[in-house]
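Novice:
Residue numbers (the numbering used here): 17 to 504.
So this is what it looks like as structure tokens:
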């Protein structure tokens, strides 16, 4: 009997951190495992207790990987109607909060200069990131290394030092989640830094991925890439939408509140654009009210900016988007242009709301839905918002609800990644060995040469010492090795 195809999904975050790279890979694993025809493993970061406190909300911490796995499975089972038969494995990760000082000079070593430059530009993207440490590809045994799905492949491979992903696995599919270039452009010397980061991202993704899926055209272009939204929404949102549909057809009023926005409360997550639109058009929007929900490092500044407006803008702490508090809102505003595919926009559509969003590549997938209202400029925002508040949402058809579901997203993923075309014969190839035994013929191939340079650059002892110049080291510490059962 043929063995099952094994798909290992590696991602850069995990619950209870409510971020896209925690939630979407979890649902992907659950729905790929649903029919039982494939063996699915979700590979997520395990953090030390100190690092857990930095990123997990409400002081939530775990004493062991099994404790966190139980939490994740309970969260998932509360949202899907079946028991998902997939495995969860952990790799050692570390939280990086601050980047390199651009003026730091340690040595004239060529590879170390490269690495210092690399650290500075990569960490500037996000002040709080989880980075894998060690060779995380080793989590999967060679005999089971059929297919790897890298959620955020650039993030997972910036500092990868180990067996080449395309050597270890028969097929490697990268899914681009984040519009890193847009974030970098908003920083000091942003255009120059974005140019450099674009090169680094393209370099590592070309080295390590056979195929690349971009969730929308809002991301940078990559070699061998295709644009397809392979994400769905939590089934709870579709259930809420069905109930609203029934209320619209009954005697009850489905929506009793006006407009709102929900998202991490940082300026580059849409709050800057929204408050600027409201500030510049207070006269045209006289009488307009909106509620903002979120937590984040810019919360105090957002509250202060909102308090200066003549309009009624109420700022609240963040909540889960499924909270009944949100069910009665009719209009979801999202002027953000840093998203790739905005999860909260999809959730609002699934709940039957009208969404108002910018004419931007990140919103192309949503244009097919009748309740998506697109604007081109500031005047368009005012006009569309006022009209949306005076109208009732159009009930979604069964086909439109299905398009938002994880079932449909999984079908799209299997189609564009061509996973089903990986044959049993290909899966039974003998695993390739590491770089040490690679033939000198690799130098005849530019891609192999580039991968070899990346491997060497991260392997030099001077480079490894350089990691000590940032908080922590990019190797598992003794505590993580013990908790994960890793050998020294």
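Quick reminder that beta carbons are idealized off the backbone N, C-alpha and C, glycines included.
None of the values given here were measured: they were computed from a predicted structure.
1. Anyone know if the C-beta pair for residue 274 and residue 346 falls short of 9 Å?
2. Going straight from the alpha carbon of residue 247 to that of residue 421, what length do you get?
3. For residue 44 versus residue 25, is the C-beta distance shorter than 9 Å?
4. Given a threshold of 16 other Cβ atoms within 10 Å of its Cβ, counted over all protein chains shown, does residue 386 qualify as buried or as exposed?
5. If you measure between the beta carbons of residue 193 and residue 167, is that distance less than 9 Å?
6. Which runs of the alpha helix (DSSP H) spanning at least 4 residues fall entirely within the stretch 27 to 66, listed in chain order?
7. Go through the stretch 239 to 286 residue by residue and report every complete run of the alpha helix (DSSP H) that reaches 4 residues or more, in order.
8. Any heavy atom of the ligand ATP closer than 8 Å to the Cβ of residue 232?
9. Are there 16 or more other CB atoms within 10 angstroms of the CB of residue 69, so buried, or fewer, so exposed?
10. At the level of alpha carbons, what is the spacing between residue 411 and residue 368?
11. Tell me where the alpha helix (DSSP H) around residue 316 begins and ends.
12. Please report the residue range of the alpha helix (DSSP H) in which residue 217 lies.
13. By the 10 Å Cβ neighbour count, where 16 or more other Cβ atoms means buried, how is residue 120 classified, buried or exposed?
14. So residue 63 and residue 146 are supposed to be a Cβ contact under 8 Å. How far apart are they, rounded?
15. I need the DSSP call for residue 328, collapsed to helix, strand or coil.
16. For residue 107, count neighbouring C-beta atoms within 10 Å of its own C-beta (all shown protein chains included) and say buried if the count is 16 or more, exposed if not.
17. How is residue 167 classed by DSSP in three states: helix, strand or coil?
18. Grab the span of the beta strand (DSSP E) containing residue 341 for me, first residue to last.
19. Which residues in the same chain as residue 398 place their Cβ atom closer than 7 Å to its Cβ, once the five residues preceding and following it in sequence are excluded?
20. Residue range of the beta strand (DSSP E) that residue 108 falls in?
21. Beta strand (DSSP E) containing residue 145: first to last residue?
22. Can you list, in chain order, the residues of its chain whose CB lies under 7 Å from that of residue 325, leaving out five sequence neighbours each side?
Specialist: Reading it off the structure:
1. yes
2. 8 Å
3. yes
4. exposed
5. yes
6. 36 to 48
7. 251 to 264
8. In the structure shown, the ligand ATP is absent, as is every other ligand, since no ligand is present at all.
9. exposed
10. 6 Å
11. 315 to 323
12. 206 to 224
13. Bear in mind that a pLDDT of 31 at residue 120, under 50, signals an unreliable position, so the number given afterwards is only what the model happens to contain. Its Cβ having fewer than 16 others within 10 Å, residue 120 is exposed.
14. 7 Å
15. strand
16. buried
17. strand
18. Premise fails: residue 341 is in no beta strand (DSSP E) and is neither H nor E.
19. 297, 300 and 301
20. 103 to 112
21. 145 to 148
22. 294, 295 and 298
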